[in-house]
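Top line first, the protein sequences correspond to chains R and V. FYI, the numbering for the first sequence is 337 to 534, going by my numbering. FYI, the numbering for the second sequence is 38 to 135, going by my numbering. Each residue gets a CB set at the ideal place from its N, CA and C atoms; glycine is no exception. Just so you know, these numbers come straight off a predicted model, no measurement behind them. Below is one structure; the comments refer to it alone.
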Amino acid sequence: MDAIPYTIKPREDTGLYNGRLGIWLFLASEIMLFGALFSTYVILRLGALEWPRGASLLSVPLGTFNTVILITSSVTMVFAWVSLKERSLGKYKRYMGFTILLALLFIGVKLFLEYIPKFHHHHYPSQSTFLAIYFTLTGLHALHVLGGVLVNAYFWGPGAKMWKTEPERFTNRIEIAGLYWHFVDLVWIFLFPVLYLL
Amino acid sequence: MMQKESKKYIGVGLTLFLLTAVTVAARQLNAGIALAICIALMIAIFKGSLVASFFMHLASEKKAIYILLLSTIFLFIIMIGFILIGRVNVYEGLSHVP
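Set out below in structure tokens:
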């Protein structure tokens, strides 16, 4: 008997395997977390006497570049899952590898081309309300990207051994990792215009 | 079957790139801040719904997930409601953030 039931077969009542329901419950909590922070942004902006246009403090080209990077990584992530549905571990490894590299590129741009130059120019969270909410929102998002990299790297490396013994269960795991990854992309889709363009 | 799915995902990806370009280009219009916010948020909502519907398969998800997400939205609206009530009910002089 399996220690954990419904890892492949859907439950009769929900029509979902457990992992899929679990990740959506987790994503619901994430919606509340980022929703609270977006609300904080709105309240702070509405209450501010002056609010800088994002472009006056942030680099729009770098923000646009990072948006393109994350969208591309979402496409490669979904193709990693499609590759497993097509029973091709080799293709999966390529697409997942690209996803991880793109995520590392996103973090690299954020850290070395945005955060560190800002610190050199003495732009700290304590300097203004805008910078405080900018660093909070983007910092929390970057931590989510880092978490995604760790999970995806595990499934690209040692975690991929499961493909030999339980291919369907492994495919489901990648679908779950993908749902998380697309959510991280979705959050950035809102962060970019709100912080950089408005 | 999967080939058709692949084409769909590529189409969604290309649309997302195009809409990102439109968002950045719309900034150059020098429209008023209210209009700029409306345009940027409408595009962001459309892009977000594309990601959720196709990449996250929400377009063909099970009822349990829809109930879960609707409950989340309901709770989120309650949370925003409390925040807005708190904002209205403040002393004069505390209504602005320095």
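If I measure Cβ to Cβ from residue i and keep anything under 7 Å in the same chain, skipping five residues before and after, which residues do I get?
i, result
"residue 407(R)", "521"
"residue 532(R)", "390, 391, 394, 396 and 399"
"residue 96(V)", "90"
Applying a beta-carbon distance threshold of less than 8 Å, which residues of chain R neighbour residue i?
i, result
"residue 112(V)", "368"
"residue 43(V)", "415 and 418"
Can you find a C-beta in chain V that's less than 8 Å from the C-beta of residue i?
i, result
"residue 484(R)", "no"
"residue 456(R)", "no"
"residue 529(R)", "yes"
"residue 433(R)", "no"
"residue 526(R)", "yes"
"residue 439(R)", "no"
Using a beta-carbon distance below 8 Å, is residue i in contact with chain R?
i, result
"residue 106(V)", "yes"
"residue 46(V)", "yes"
"residue 93(V)", "yes"
"residue 72(V)", "no"
"residue 96(V)", "no"
"residue 53(V)", "yes"
Identify whether residue i lies in helix, strand or coil by the three-state DSSP scheme.
i, result
"residue 384(R)", "strand"
"residue 475(R)", "helix"
"residue 97(V)", "helix"
"residue 389(R)", "coil"
"residue 366(R)", "helix"
"residue 532(R)", "helix"
"residue 397(R)", "helix"
"residue 67(V)", "coil"
Just to confirm my understanding: we take residue i, look at its own chain, exclude 5 residues before and 5 after, and list those with CB closer than 6 Å. What are they?
i, result
"residue 425(R)", "499"
"residue 56(V)", "80 and 84"
Identify the contact partners of residue i in chain R, using a Cβ-Cβ distance below 7 Å as the criterion.
i, result
"residue 50(V)", "407 and 411"
I want to verify the contact list: residues of chain V whose CB lies under 9 Å from the CB of residue i, in sequence order.
i, result
"residue 522(R)", "84, 85, 88, 89, 92 and 93"
"residue 364(R)", "105, 106, 108, 109 and 112"
"residue 361(R)", "105"
Find the residues of chain V that neighbour residue i, judging by a C-beta separation of less than 7 Å, and give them in chain order.
i, result
"residue 421(R)", "39"
"residue 400(R)", "57 and 61"
"residue 445(R)", "Result: empty, since nearest Cβ-Cβ is about 15 Å, beyond 7 Å."
List the residues of chain R whose Cβ lies closer than 9 Å to the Cβ of residue i, in chain order.
i, result
"residue 120(V)", "372, 375, 376, 378 and 379"
"residue 115(V)", "Ordered by position in chain R, no residue passes the 9 Å Cβ test against residue 115(V), which lies about 11 Å from the chain."
Interface residues of chain V around residue i at Cβ under 8 Å?
i, result
"residue 352(R)", "99, 101 and 102"
Inset, instruction - For the region 485–515 of chain R, list the beta strand (DSSP E) runs that are entirely contained and at least 3 residues long, ordered along the chain. - result: You should have found no qualifying run.
Inset, instruction - At 4 residues or longer, and completely inside the region 429–473 of chain R: list those alpha helix (DSSP H) runs for me, N to C. - result: 452–456
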